[in-house]
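In terms of the numbering used here, the sequence shown opens at residue 340 and continues consecutively.
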Amino acid sequence: MGTGTSSELVVVEDRIDQPDEVVLRRQVDGLSRALDVVGSTRPLTLVLLGPRPTDRTMRFLTRTCRVLCVSPQSGKGMTSVLHDSLSALLPLALPFPESTAQNPIKQVELEFIRTGEPDPWITEVLAAAEFGMDEVTATLKAWVEDGIHQEVRD
Numbered sequence: 340m341g342t343g344t345s346s347e348l349v350v351v352e353d354r355i356d357q358p359d360e361v362v363l364r365r366q367v368d369g370l371s372r373a374l375d376v377v378g379s380t381r382p383l384t385l386v387l388l389g390p391r392p393t394d395r396t397m398r399f400l401t402r403t404c405r406v407l408c409v410s411p412q413s414g415k416g417m418t419s420v421l422h423d424s425l426s427a428l429l430p431l432a433l434p435f436p437e438s439t440a441q442n443p444i445k446q447v448e449l450e451f452i453r454t455g456e457p458d459p460w461i462t463e464v465l466a467a468a469e470f471g472m473d474e475v476t477a478t479l480k481a482w483v484e485d486g487i488h489q490e491v492r493d
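Take a look at the structure:
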């Protein structure tokens, strides 16, 4: 299984038909050893369908792979139960930052308007920020140079 650049190896074990934990441990141990022999670095995930194994077996399994247990349930919500249980295997769908974040410059301007009279210095920096970092740098440099020239005149 894998999407895009994912190389995860997922093994599904149906414990409803084969509940023997000794067989399960041997199968997982054999697969893990085979992957070690060939030098695989792929992460291994074991999905267990059916009753949850004993704590001893879970400790053994989690030494070599990630284990997800999916218990059988009947009823209307079976699809959602399976989706919820297996969602840990799916890649996250993150929204683009532009779609969720508001314009931070506009937020600062609105905050200054809300709190009273905006400072002309801040207004000038915010206006420069609309054009990027270089413009802000040029604005700040101009302030410093103006301040130095002012002190020389005084």
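All C-beta atoms, glycine included, are put in the ideal place defined by N, C-alpha and C.
Item checked: Alpha-carbon spacing of R364 relative to A432, whole angstroms -> As a position in the sequence shown, residue 364 is number 25, starting the count at 1. As a position in the sequence shown, residue 432 is number 93, starting the count at 1. Going by the C-alpha atoms only, they are around 34 Å apart.
Margin query: Taking only three categories from DSSP, how would you classify G341?
Written below: Translated into positions along the sequence shown, residue 341 becomes position 2. Unreliable positioning characterises G341 in this predicted model, as indicated by a pLDDT of 45, which lies under 50. The coordinate reading is nonetheless provided below. G341: coil per DSSP, three-state reduction.
Check: How close, in whole Å, do the beta carbons of L465 and I444 come, if the pair is a contact with beta carbons under 8 Å?
Finding: The residue labelled residue 465 in the question sits at position 126 within the sequence shown. The residue labelled residue 444 in the question sits at position 105 within the sequence shown. Right, the Cβ-Cβ distance comes to about 5 Å (below 8 Å), so this counts as a contact.
Notebook entry, point to check: What three-state label does DSSP hand V361 in the structure shown?
Noted result: On the sequence shown, residue 361 is found 22 positions in, with the first residue counted as 1. The DSSP-derived three-state label of V361 is helix.
Check: Is E352 helix, strand or coil when you go by DSSP?
Finding: Within the sequence shown, residue 352 is the residue found at index 13, counting from 1. Residue state, collapsed to three classes: strand.
Check: Helix, strand or coil for L407 per DSSP?
Finding: Within the sequence shown, the letter at position 68 stands for residue 407. Strand at L407.
Check: From the DSSP output, which residues share a beta bridge with V386?
Finding: In the sequence shown, counting from the first residue as 1, residue 386 sits at position 47. BP columns for V386 point to V351 and L407.
Note to self: Which same chain residues end up closer than 7 Å to P358 when comparing Cβ atoms and leaving out the 5 residues on each side of it in sequence?
What the structure shows: Stepping through the sequence shown from its first residue, residue 358 is reached at position 19. Answer for P358: G389 and P390, listed in chain order.
Next item on the list: May I have the straight-line CA-CA distance separating D458 from L479, to the nearest angstrom?
Entry: Along the sequence shown, read from residue 1 onward, the residue named residue 458 stands at position 119. Along the sequence shown, read from residue 1 onward, the residue named residue 479 stands at position 140. Their Cα atoms are separated by approximately 15 Å.
Check: Among A427, N442 and W460, which has the Cα closest to the Cα of V483?
Finding: Start at 1 with the first residue of the sequence shown, and residue 483 comes out as number 144. For V483, the closest C-alpha among the options A427, N442 and W460 is that of W460.
Next item on the list: Let me know the secondary structure DSSP gives G378 once reduced to three states.
Entry: The sequence position of residue 378 within the sequence shown is 39, counting from 1. In the structure shown, G378 sits in coil (DSSP, three-state: anything other than H, G, I, E or B).
Notebook entry, point to check: Just to confirm, are L425 and V406 a CB contact at a threshold of 9 Å?
Noted result: Against the sequence shown, residue 425 aligns to sequence position 86. Against the sequence shown, residue 406 aligns to sequence position 67. Cβ atoms of L425 and V406: not closer than 9 Å.
Checklist line | Where the alpha helix (DSSP H) containing D394 begins and where it ends | finding: For the purposes of this step, residue 394 is taken as the residue at position 55 of the sequence shown. Run containing D394: D394 to T401, per the alpha helix (DSSP H) assignment.
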